[in-house]
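Same order as they appear, the protein sequences are chains A, B and C. Under this note's numbering, the first residue of the first sequence is numbered 32, with each subsequent residue one higher. Under this note's numbering, the first residue of the second sequence is numbered 1443, with each subsequent residue one higher. Under this note's numbering, the first residue of the third sequence is numbered 60, with each subsequent residue one higher. All C-beta atoms in this analysis are idealised placements derived from N, C-alpha and C, irrespective of residue type, glycine included.
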Amino acid sequence: MITPQNLFQHELIGLTVEIVESSNMGLVGIKGKVVDETRNTIRVEVDDRHESIIPKNVAIFHFQTPEGQKVEIDGKILVSRPEDRIKKKFRKI
Amino acid sequence: MRRGRRPKWMINIGKERIDILFKLADNEFSRHPERSHRYVKLARNISTKYNIPMPIKWKRRFCKNCYKFLKPGQNCKVRLSKGKVHFKCLECGQMMRVPYEKEKKEKRRIKIESYLIKKRANE
Amino acid sequence: MSGNYLIKLKFYDFHLQGRNYNSDKKLIFEAKRLGYSGVSLLYSKDDYKESKEYLTEIENEINSEPTMDSNSVSNPVSNSTYNLDSNSDNNLNFEKTFKIFPGIKIFPKNSEDLKRQIRSSRKKTNILMAVGGDLKINRAACENIQLDILSRPYYKRRDCGINHVLAKEAANNDVAIELNICDILRARSPIRSKIMAHFQEIVKLQKKFKFPLIIGSGAVSIYDLRRPKDLNALSQCFGLSKNEVNLAISNNPKNIVDFNNQRKDIIIVGAKKVDN
């Protein structure tokens, strides 16, 4: 189950994502499905033809869980290999 | 924590992630085969890192030689012969053989039992 | 629309010592007369629950007063205008209600005790303040992301209680550091000058490391309260400019409250829930 509590440790591929803030203004507003993930980037399918590669550490994302809840995540905490993200230590508040 | 062992919640998340990735790979195969091959790779990374065995459902769905996703009828040939299921990967030509001895024995046992029941009924 | 706005500022006093119903009521009314638009009363952990109930009563009472009355009494400071270059959009929606924020004050014995007390009272309240003094306590407080305010780090010390390491940590974890005006008022000349020197030191560090700074009155009786303008004048003695003082008594306290209102939505640092 992907919930807001474990989304940052869970699989990002397949979720809907929107970029709300970035130091690169050209990336803001991109919305689509995540199709691939590497250590520093995620690849978003915008429509049938176009895919765009977005660096994680310069953007703030709005992920949507399958249930429809939205979570805002700073891309800086996602920077790690996809399989390492499960055991990465996050700072609790 | 012993070496190679992970806490339970990590293993649970890992299992869920493997499941999600293989489902996506299955859906995407007809349009983007290269994506499903990539998803298999990601799923295998998780499984090897956290000592999670591949689920039986998905164990036969990727080639053990070239690690590509297999879809029977498209890039995979499935045949029965000599008491084994033969999966042939059409990408690299690797043959994967899985015995179905258990199922055979099960079938035999059911057959014998049904005979016995008939016999008793006749007596 | 960009540039400077000429607007009214709202002032908050975040360190009033709460005791009982009568004295609290006097303090709050006096603070309103002096031109504050919000105060925070701090209690120990045991008194917090019952005091919260009567504070809502006082809040209703003070807001039901006719506004004309308060305008005639209020001083020229609250009506005067200031330049503020940032965050001015929030302040444009000027509300005339007086706000009271009850909070918990912690007197830790050592760093372990501080952690335990913070954990137990974090969920109960919006404002959490720890009283420093010992260097180990100061350090533990600055490193704790759950704490809001560290009060009087210079208390009973020969130096200001903060160094460059703690300042960095405080900026990292958003722990505000409070300058207590009451210490100056109560102390006599040799100690008073020392405390002023400590303030100067803290201000120096603040300018370099940019941790949030708060000026609180620490008032027990109504005679300890001072007007925002007086604070402004006094603070220039230890090196704060006019705008920085305005940040310290109006913006930084507001940020703390705003951040704590959405604290339950934040899952970890960098991830939070958003309403659709």
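Three-way DSSP call (helix, strand, coil) for residue i in this model
i         : result
Lys1457/B : helix
Val328/C  : coil
Pro97/A   : coil
Gln36/A   : coil
Thr47/A   : strand
Glu321/C  : Note that residue 321/C corresponds to Gln in the displayed sequence, not to Glu. Of the three classes helix, strand and coil, the one that applies to Gln321/C here is coil, per DSSP.
Asn231/C  : helix
Leu1532/B : coil
Leu206/C  : coil
Ile165/C  : strand
Thr72/A   : strand
Glu1555/B : helix
His257/C  : helix
Pro105/C  : At residue 105/C the sequence reads Asp, which differs from the Pro that was named. If DSSP states are grouped into helix, strand and coil, Asp105/C belongs with coil.
Glu42/A   : coil
Asp128/C  : Low confidence applies to Asp128/C: its pLDDT is 43, below 50, so where it sits in the model is not reliable, and the reading given next is rough at best. Correct three-state label for Asp128/C: helix.
Gly57/A   : helix
Tyr113/C  : helix
Phe268/C  : helix
Asn305/C  : helix
Asn222/C  : coil
Asn239/C  : strand
Rounded straight-line distance, which links the Cα of residue j to that of residue i
i         : j         : result
Lys108/C  : Ser210/C  : 22 Å
Lys1519/B : Ile1460/B : 24 Å
Ser131/C  : Ile281/C  : Interpretation of Ser131/C is limited by its pLDDT of 40, a score under 50 that renders its predicted location unreliable; no figure is taken from the coordinates.
His93/A   : Phe121/A  : 18 Å
Gln205/C  : Gln40/A   : 23 Å
Asn305/C  : Pro271/C  : 12 Å
Phe1504/B : Val59/A   : 38 Å
Lys266/C  : Ala230/C  : 11 Å
Ser137/C  : Tyr95/C   : For Ser137/C, the pLDDT reaches just 43, beneath the cut-off of 50, and the residue's location in the model is therefore unreliable, although a value from the coordinates is still provided. Each residue's alpha carbon lies about 8 Å from the other.
Tyr80/C   : Asn122/C  : 17 Å
Asp334/C  : Pro249/C  : 55 Å
Thr22/A   : Val65/A   : In the structure displayed, chain A extends from 32 to 124; residue 22/A sits before or after that span and is not available.
Glu98/A   : Pro35/A   : 10 Å
Ser128/A  : Val89/A   : Here chain A has residues from 32 to 124 only, and residue 128/A is not among them.
Pro1492/B : Ile1453/B : Residue 1492/B is actually Tyr in this sequence, not Pro. Taking the straight line from one Cα to the other gives about 7 Å.
Gly77/C   : Pro86/A   : 51 Å
Ile84/A   : Pro1449/B : 33 Å
Leu114/C  : Phe297/C  : 34 Å
Asp172/C  : Lys313/C  : 28 Å
Glu42/A   : Glu1476/B : 19 Å
Lys269/C  : Arg80/A   : 47 Å
Asp144/C  : Glu112/C  : Bear in mind that a pLDDT of 43 at Asp144/C, under 50, signals an unreliable position, so the number given afterwards is only what the model happens to contain. When rounded, the distance between both Cα atoms is 38 Å.
His1479/B : Leu1466/B : 11 Å
Lys1547/B : Leu1522/B : 16 Å
Glu1470/B : Cys1531/B : 18 Å
Asp207/C  : Asn232/C  : 9 Å
Phe258/C  : Leu238/C  : 7 Å
Asp317/C  : Ile186/C  : 11 Å
Leu264/C  : Ile196/C  : 19 Å
Asp324/C  : Arg175/C  : 23 Å
Ile165/C  : Ala235/C  : 15 Å
Ile1559/B : Arg1502/B : 37 Å
Lys1510/B : Glu228/C  : 49 Å
Glu120/C  : Lys84/C   : 10 Å
Ile273/C  : Asn311/C  : 7 Å
Met32/A   : Trp1451/B : 12 Å
Cys345/C  : Leu244/C  : Given a span of 60 to 335 for chain C in the structure shown, any question on residue 345/C remains unanswerable.
Ala278/C  : Glu202/C  : 27 Å
Integer Cβ distance of residue i from residue j, believed to fall under 8 Å
i         : j        : result
Ile240/C  : Tyr213/C : Not really, about 13 Å apart at Cβ, beyond 8 Å.
Ile177/C  : Val98/C  : About 23 Å; that fails the 8 Å criterion.
Asn1487/B : Glu76/A  : At roughly 22 Å, the Cβ-Cβ gap does not stay under 8 Å, so Asn1487/B and Glu76/A are not in contact.
Ile163/C  : Leu100/C : Actually they are not in contact, since the Cβ atoms of Ile163/C and Leu100/C sit about 10 Å apart, beyond 8 Å.
Arg198/C  : Leu225/C : 6 Å
Ile104/A  : Ala330/C : 5 Å
Taking only beta carbons into account, state which residues of the segment 322-334 of chain C come closer than 8 Å to chain A, listed in chain order. Among the residues of the segment 322-334 of chain C, those with a Cβ less than 8 Å away from any Cβ of chain A are Arg322, Ile325, Ile326, Ile327, Val328, Gly329, Ala330, Lys331, Lys332, Val333 and Asp334, in the order of the chain.
Taking a cut of 9 Å between CB atoms, which residues from the segment 33-54 of chain A lie near chain B? Using a CB distance below 9 Å, the part of the segment 33-54 of chain A facing chain B consists of Ile33, Asn37, Gln40, His41, Glu42, Ile44 and Gly45, ordered along the chain.
Quick one, which residues of the segment 193-204 of chain C are near chain A if we go by CB-CB under 9 Å, in chain order? The residues in question are Ile204.
Give, in chain order, every residue of the segment 84-118 of chain A whose Cβ lies closer than 7 Å to some Cβ of chain B. For the segment 84-118 of chain A, the beta-carbon criterion of a distance under 7 Å to any beta-carbon of chain B is satisfied by Pro113, Glu114, Ile117 and Lys118.
Contact residues within the segment 52-71 of chain A, judged by C-beta distance below 8 Å to chain B: Cβ contacts with chain B: Val66, Asp67 and Glu68.
Taking a Cβ distance cut-off of 8 Å, strictly less, list which residues of the segment 1479-1504 of chain B are near chain A, in chain order. Cβ contacts with chain A: Arg1480, Tyr1481, Leu1484, Asn1487, Ile1488, Lys1491 and Tyr1492.
Can you give me, in chain order, the residues of the segment 1535-1547 of chain B that have a beta carbon less than 8 Å from any beta carbon in chain A? Taking a C-beta cut-off of 8 Å against chain A, none of the residues of the segment 1535-1547 of chain B qualify.
In chain order, what residues of the segment 1451-1466 of chain B put their CB closer than 8 Å to some CB of chain A? Considering only beta carbons, the part of the segment 1451-1466 of chain B lying closer than 8 Å to chain A consists of Met1452, Ile1455, Gly1456, Glu1458, Arg1459, Ile1462, Leu1463 and Leu1466, in chain order.
In chain order, each alpha helix (DSSP H) run of at least 4 residues that lies wholly inside the segment 1475-1517 of chain B: Complete alpha helix (DSSP H) runs here, min 4: 1475-1491 and 1498-1501.
Complete alpha helix (DSSP H) runs within the segment 73-105 of chain C (minimum length 4 residues, chain order): Fully enclosed alpha helix (DSSP H) runs of no fewer than 4 residues occupy 80-93 of the segment 73-105 of chain C, in order along the chain.
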